[in-house]
Amino acid sequence: MSDIQAILSIAKRTIETESKAIANLVHLLDKDFAEAVQCILRCHGRVVVSGVGKSAIIASKIVATLNSTGTPAIFMHAADAIHGDLGTVQENDVVICLSKSGNTAEIKALIPLIKLRKNNLIGITGNMDSILAKQADFTLNTYVEKEACPNNLAPTTSTSVQLAMGDALAICLLELRGFSSSDFAQYHPGGTLGKKLYLRVSDIAATNLKPVVSIDSSVKQVIIEISEKMLGATAVEDKGTIVGIITDGDIRRMLEQYNDIGSLTAKDIMTTNPKSVAKDTLAVKALEVLQEKGISQLLVLDGAHYEGVVHIHNLINEGIL
Numbered sequence: 460m461s462d463i464q465a466i467l468s469i470a471k472r473t474i475e476t477e478s479k480a481i482a483n484l485v486h487l488l489d490k491d492f493a494e495a496v497q498c499i500l501r502c503h504g505r506v507v508v509s510g511v512g513k514s515a516i517i518a519s520k521i522v523a524t525l526n527s528t529g530t531p532a533i534f535m536h537a538a539d540a541i542h543g544d545l546g547t548v549q550e551n552d553v554v555i556c557l558s559k560s561g562n563t564a565e566i567k568a569l570i571p572l573i574k575l576r577k578n579n580l581i582g583i584t585g586n587m588d589s590i591l592a593k594q595a596d597f598t599l600n601t602y603v604e605k606e607a608c609p610n611n612l613a614p615t616t617s618t619s620v621q622l623a624m625g626d627a628l629a630i631c632l633l634e635l636r637g638f639s640s641s642d643f644a645q646y647h648p649g650g651t652l653g654k655k656l657y658l659r660v661s662d663i664a665a666t667n668l669k670p671v672v673s674i675d676s677s678v679k680q681v682i683i684e685i686s687e688k689m690l691g692a693t694a695v696e697d698k699g700t701i702v703g704i705i706t707d708g709d710i711r712r713m714l715e716q717y718n719d720i721g722s723l724t725a726k727d728i729m730t731t732n733p734k735s736v737a738k739d740t741l742a743v744k745a746l747e748v749l750q751e752k753g754i755s756q757l758l759v760l761d762g763a764h765y766e767g768v769v770h771i772h773n774l775i776n777e778g779i780l
């Protein structure tokens, strides 16, 4: 076997091992999972997620996912908790502890302290005979047959399964809360993801120049308007009403069709019934229209009022495409 084949074989074996363990979670879900979700929904505080080692790293990711999907959460390292950080846990908080074995020293020390404070405790563990499994109010079984590590030592499959269980919790909470895309946008205002959720065509059109000519404008005037406004098109209006659009493509087709263009006006070369979108349309929806119609520009309207043009290059520059 070549080096390349050997590498690919190891990678495929790793992914198959982990994917099978994640798929097996479906059979491990039980009443405790549903009741854990209900417990968090009733919670008037936050979800405090804790662990040690690799489980602590997964706990941090679960916290990030919960926060971004409408469930307030905070990370607390189990080792730090028993050395002063237990004050992180407030009266109305729910605590989630992650531990593959459920018997790590830090978790064993933390459990009675959580119970003493009367906070609900959710355990995520692969050992249902462990102290964590037996002491938790709700136990989520993340058993794995083996790690992807050939020595069955490095946390690989077990952490992947923990992460999947955390995602299952977060998505259940998201759907039961009725957490919508507009809610999601409030939590993700930055970057491309945020723009896809809140950026509207009116925001883009407002930054562009606003090309427009009258229906009886000369071809020269049309070309100058398209060139000056740098959007590859211009709207055509008649007595304040938009009646058409002229694009660079229309200009090229005119030159192919006519030898004498001196007497032509915008009316002669415009495309009637131009494609348009309402000003409140999300930019990502405008992109779908552009792609579906195979065009580069859309007119932006506020009712019948012309607001401007959005060009596919605008969407590329915004990172929408």
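Take any residue in the sequence shown, note its place counting from 1, add 459, and you have its number in our numbering. Beta carbons: idealized from backbone N, C-alpha and C, even for Gly.
Ala665 sits away from Tyr765, with the two beta carbons spaced by 9 Å or more.
For Asp489 and Ile499, the gap between their C-alpha atoms comes out near 16 Å. A contact is defined here as three or more CB-CB pairs under 8 Å, and the stretch 693-711 meets this definition with respect to the stretch 752-769.
DSSP places Ala694 within a strand segment (E or B) once states are collapsed to three. Rounded to the nearest angstrom, the Cβ distance from Ala592 to Thr584 is 5 Å, consistent with a contact under 8 Å. DSSP, reduced to helix, strand and coil, places Gln716 within a helical segment of the structure shown. Look at the stretch 561-597 and you find these whole runs of beta strand (DSSP E), each 3 residues long or longer: 579-584.
Pairing Asn773 with Asn667 gives a Cβ-Cβ distance under 9 Å. Minimum Cα-Cα distance from Thr616 among the listed residues Ala623, Leu622, Glu606 corresponds to Glu606. For the stretch 718-765, the continuous beta strand (DSSP E) assignments of 3+ residues that do not extend past its boundaries occur at 735-737, 756-761, in sequence order. In the three-state DSSP reduction, Ser676 falls in the coil class, being neither helix nor strand. Between Asn562 and Ser519, the CB-CB gap reaches or exceeds 9 Å. Close CB contacts of Ala613 within its chain, under the 7 Å cut and outside five residues either way in sequence, are with Glu606 (chain order).
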